[in-house]
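>
Residue numbers (our numbering), protein chains in the order written: chain A, 177 to 415; chain B, 170 to 412.
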């Protein structure tokens, strides 16, 4: 049982407030982290992972900031949109470097390559990979430390329909093992079939946290989501 | 830290530009040595041989680029996110890169020195002379050239940590060596002897290095530059948002 909790989290980049007083708790299961582009999802996740320093507030993994864990990759696996690969390296080499940095046994490299279905391509240079294959490699990297918490930023980008189905299965399996999975997406339909709970962000603030069914209510899922994320006029009048 | 060293070593080995720089260094050193050996008629003289071999130190421009790419290259390819996710104590990463790249610079230097000596010996043999291996000056230059290459690799790691835009960092570093230091030196008088390229020249006992500090002082001063850049790089790295 590993929880992720965020309280009073705020990030300002100069004059722009990317995240304002965000708060939520995520428990085991799959949680969808939703909101349109620019809602502050990625900045929130990066603060949770110690990559971006909050202006104020706290973001904790199992009660401790990410950067305070001795070997955080064994607790949290993350796959972020902007993380890249050196094109001249093979997938195996890339994962072997990460495994060494993370203090993870080298045999895990072949295991995670198998889990994401990249074994046959493991000795090819990443420069020749399709977007979908890179996405799988990012997931392999997140799984390397066999972590209890997974934070996946737009993991469906670049996956074909078969890849999406595979991803949904993977997320369900991870949740069934009692892990805490956070999946961000700006496409509601993409995660609606997979998630148990949702957090909706818009314009830097958290608009909803709760069960997927609660959000759907009477207006329907799509309607509720659009209502939460389209009140731009009201937002503009806030201080 | 052992795991970090081995990770950085694997990263270094699997970076293609590292091997390109090493090969380019060997081509350049052969060209540099050959220039002297073909041009001069008095190549039997130990001082001329020393002049030819002193080209070793100039390869430090390439090891500087190597060091810069160690950190700034990770920002360029956005692998830095994964790296800091694995090791949030960023200072440790910079320290591991510093150690591995200073060692790599040393290897780069030894390989380059071997190529320089071999190329010199071949040219001398072709023209009926031989390399004066008993000359202390020759070996002081070889040692100084190797040290210059290693020191610039270390400085490069600091520069790359400070200026994480790879293109900007490399352009600024090379502009300093090719142009800016020469413009600044006359303005600062005696202090000009303590600027990086002047120190390297003194360390390498380049013929163009006049009035430079003794070799050991030049070496220590370059280590000081490396320490200053790395500390400044670490200080900014700890605060930087990785977006």
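Virtual Cβ for every residue (Gly too), placed ideally from N, Cα, C.
Fair warning: this is a prediction, and the values are worked out from it, not measured in the lab.
#1: Residue 374 of chain A and residue 346 of chain A: beta carbons closer than 8 Å?
#2: Reducing DSSP to helix, strand and coil, say where residue 360 of chain A ends up.
#3: DSSP three-state label for residue 254 of chain A, please.
#4: Please list the terminal residues of the continuous alpha helix (DSSP H) segment that includes residue 232 of chain A.
#5: Using 8 Å as the limit for Cβ to Cβ distance, is residue 406 of chain B near chain A?
#6: Does residue 227 of chain A come out as helix, strand or coil in the three-state DSSP assignment?
#7: Under 8 Å Cβ-Cβ, which residues of chain A neighbour residue 267 of chain B?
#8: Taking Cβ-Cβ distances shorter than 8 Å, what residues in chain B pair up with residue 228 of chain A?
#9: Using the Cβ count rule (16 or more neighbours within 10 Å means buried), how would you classify residue 195 of chain B?
#10: Could you tell me whether any Cβ in chain B is nearer than 8 Å to the Cβ of residue 254 of chain A?
#11: Excluding the 5 residues flanking residue 263 of chain A on each side, which residues of the same chain have their C-beta closer than 7 Å to its C-beta?
#12: Which residues, taken in chain order from the region 341-360 of chain A, show a beta carbon closer than 8 Å to some beta carbon of chain B?
#13: For a minimum of 4 consecutive residues, which ranges assigned as the alpha helix (DSSP H) are wholly contained in the region 250-327 of chain B?
#14: When you compare the CB positions of residue 371 of chain A and residue 359 of chain A, do they come within less than 8 Å of one another, or not?
#15: For the region 266-276 of chain A against the region 185-194 of chain B, are there 3 or more C-beta pairs whose distance is under 8 Å?
#16: Tell whether a beta-carbon distance below 8 Å holds between residue 179 of chain B and residue 272 of chain A.
#17: Looking only at C-alpha atoms, which of B/387, B/230, B/350 sits nearest to residue 278 of chain B?
#18: Could you run through the region 300-326 of chain A and flag, in chain order, every residue whose CB is less than 7 Å away from some CB of chain B?
#19: Taking only beta-carbon atoms, is residue 224 of chain A less than 8 Å away from chain B?
#20: Which of the residues in the region 259-271 of chain A, read from start to end, lie with their CB under 7 Å from any CB of chain B?
#21: I'd like to know if residue 409 of chain A contacts chain B, where contact means its C-beta is closer than 8 Å to some C-beta of that chain.
#22: Fully enclosed by the region 295-360 of chain A, which alpha helix (DSSP H) runs are 4 residues long or longer?
#23: Look at the alpha carbon of residue 218 of chain A and the alpha carbon of residue 188 of chain A, and state the distance between them as a whole number of angstroms.
#24: Can you find the residues in the same chain that come closer than 8 Å, C-beta to C-beta, to residue 382 of chain B, ignoring five residues on each side of it along the sequence?
#25: Residue 252 of chain A and residue 323 of chain A: beta carbons closer than 8 Å?
#26: For the beta strand (DSSP E) containing residue 382 of chain A, name the first residue and the last one.
#27: Less than 7 Å between C-beta atoms, sequence neighbours within five positions excluded: which residues of the same chain meet that for residue 332 of chain A?
#28: Can you grab the Cα-Cα spacing for the pair residue 294 of chain B / residue 288 of chain B, in whole Å?
#29: Would a C-beta distance cut-off of 8 Å place residue 142 of chain B and residue 206 of chain B closer than the cut-off?
#30: Could you tell me the distance, in whole angstroms, from the CA atom of residue 360 of chain B to the CA atom of residue 394 of chain B?
#31: Please work out which residues of its chain come closer than 8 Å, Cβ to Cβ, to residue 412 of chain A, disregarding the five sequence neighbours upstream and downstream, and give them in chain order.
#32: Measuring CB atoms only, is the region 231-242 of chain A touching the region 400-407 of chain A, in the sense that at least three cross pairs come out at less than 8 Å?
#33: According to DSSP, is residue 222 of chain B helix, strand or coil?
#34: With three or more beta-carbon pairs closer than 8 Å as the criterion, would you say the region 339-350 of chain B touches the region 247-256 of chain B?
#35: Under three-state DSSP, which class holds residue 232 of chain B?
Per the coordinate set shown:
#1: Taking the first residue of the first chain as 1, we reach residue 374 of chain A at position 198. Taking the first residue of the first chain as 1, we reach residue 346 of chain A at position 170. With contacts defined as CB atoms closer than 8 Å, residue 374 of chain A and residue 346 of chain A fail to qualify as a contacting pair.
#2: Locating residue 360 of chain A in the first chain gives position 184, where the first residue counts as 1. DSSP places residue 360 of chain A within a strand segment (E or B) once states are collapsed to three.
#3: Against the first chain, residue 254 of chain A aligns to sequence position 78. In the structure shown, residue 254 of chain A sits in a strand (DSSP, three-state: E or B).
#4: One-based indexing of the first chain puts residue 232 of chain A at position 56. First-last for residue 232 of chain A: 232-237, but that is the beta strand (DSSP E), not the alpha helix (DSSP H).
#5: Here residue 406 of chain B refers to the residue found at position 237 of the second chain. Not one chain A Cβ lies under 8 Å of residue 406 of chain B.
#6: Locating residue 227 of chain A in the first chain gives position 51, counting from the first residue. Three-state DSSP puts residue 227 of chain A in coil, outside helix and strand.
#7: One-based indexing of the second chain puts residue 267 of chain B at position 98. By Cβ distance, chain A contributes nothing, its closest Cβ being about 16 Å from residue 267 of chain B, past 8 Å.
#8: Stepping through the first chain from its first residue, residue 228 of chain A is reached at position 52. Here the neighbours are 410, 411, 412.
#9: By 1-based counting over the second chain, the position of residue 195 of chain B is 26. Buried is the call here.
#10: Against the first chain, residue 254 of chain A aligns to sequence position 78. Cβ-Cβ to chain B under 8 Å: yes for residue 254 of chain A.
#11: For the purposes of this step, residue 263 of chain A is identified with residue 87 of the first chain, where counting begins at 1. Once the five neighbours on either side are set aside, the close Cβ partners of residue 263 of chain A are 301, 302, 303.
#12: none
#13: 259-295
#14: By one-based count along the first chain, residue 371 of chain A stands at place 195. By one-based count along the first chain, residue 359 of chain A stands at place 183. It is a contact, given that the beta carbons lie within the stated cut-off.
#15: no
#16: Locating residue 179 of chain B in the second chain gives position 10, counting from the first residue. Locating residue 272 of chain A in the first chain gives position 96, counting from the first residue. In this structure, residue 272 of chain A lies closer than 8 Å to residue 179 of chain B by Cβ.
#17: Within the second chain, numbered from 1, the residue matching residue 278 of chain B stands at position 109. When only C-alpha atoms are compared, the closest one is B/230.
#18: 317
#19: The residue you call residue 224 of chain A lines up with position 48 of the first chain. Output row for residue 224 of chain A: interface = no.
#20: Residues passing the 7 Å Cβ filter: 259, 260, 261, 262, 264, 265, 269.
#21: Counting from 1 along the first chain, the entry for residue 409 of chain A is found at position 233. Low confidence applies here, because residue 409 of chain A scores a pLDDT of 42, under 50, leaving its location unreliable and the question unanswered by this model.
#22: 307-319, 337-352
#23: Working through the first chain from its first residue, we reach residue 218 of chain A at position 42. Working through the first chain from its first residue, we reach residue 188 of chain A at position 12. The straight-line gap from Cα to Cα measures roughly 14 Å.
#24: The count along the second chain starts at 1 and reaches residue 382 of chain B at position 213. The residues are 362, 363, 368, 371, 390.
#25: Counted from its first residue, the first chain places residue 252 of chain A at position 76. Counted from its first residue, the first chain places residue 323 of chain A at position 147. Result yes, Cβ atoms of residue 252 of chain A and residue 323 of chain A sit closer than 8 Å.
#26: Residue 382 of chain A sits at position 206 when you count from the first residue of the first chain. From DSSP, the beta strand (DSSP E) with residue 382 of chain A extends over 381-387.
#27: Numbered from its first residue, the first chain carries residue 332 of chain A at position 156. Cβ neighbours of residue 332 of chain A beyond the five flanking positions: 340, 343, 361, 366.
#28: By 1-based counting over the second chain, the position of residue 294 of chain B is 125. By 1-based counting over the second chain, the position of residue 288 of chain B is 119. Approximately 10 Å between the Cα atoms of the pair.
#29: A question about residue 142 of chain B goes unanswered here, because the residues of chain B that appear run from 170 up to 412.
#30: Translated into the one-based positions of the second chain, residue 360 of chain B becomes position 191. Translated into the one-based positions of the second chain, residue 394 of chain B becomes position 225. Rounded to the nearest angstrom, the two C-alpha atoms are 14 Å apart.
#31: Counted from its first residue, the first chain places residue 412 of chain A at position 236. Residue confidence is low: residue 412 of chain A scores 40 on pLDDT, short of 50, so the model does not pin down where it sits. Its coordinate-derived value is still stated next. Excluding sequence neighbours, residue 412 of chain A sits near nothing in its chain.
#32: no
#33: If you number the second chain from 1, residue 222 of chain B lands on position 53. It is helical.
#34: Look at the beta carbons and you see the region 339-350 of chain B not touching the region 247-256 of chain B: under three pairs across the two are nearer than 8 Å.
#35: Counting from 1 along the second chain, the entry for residue 232 of chain B is found at position 63. It is helical.
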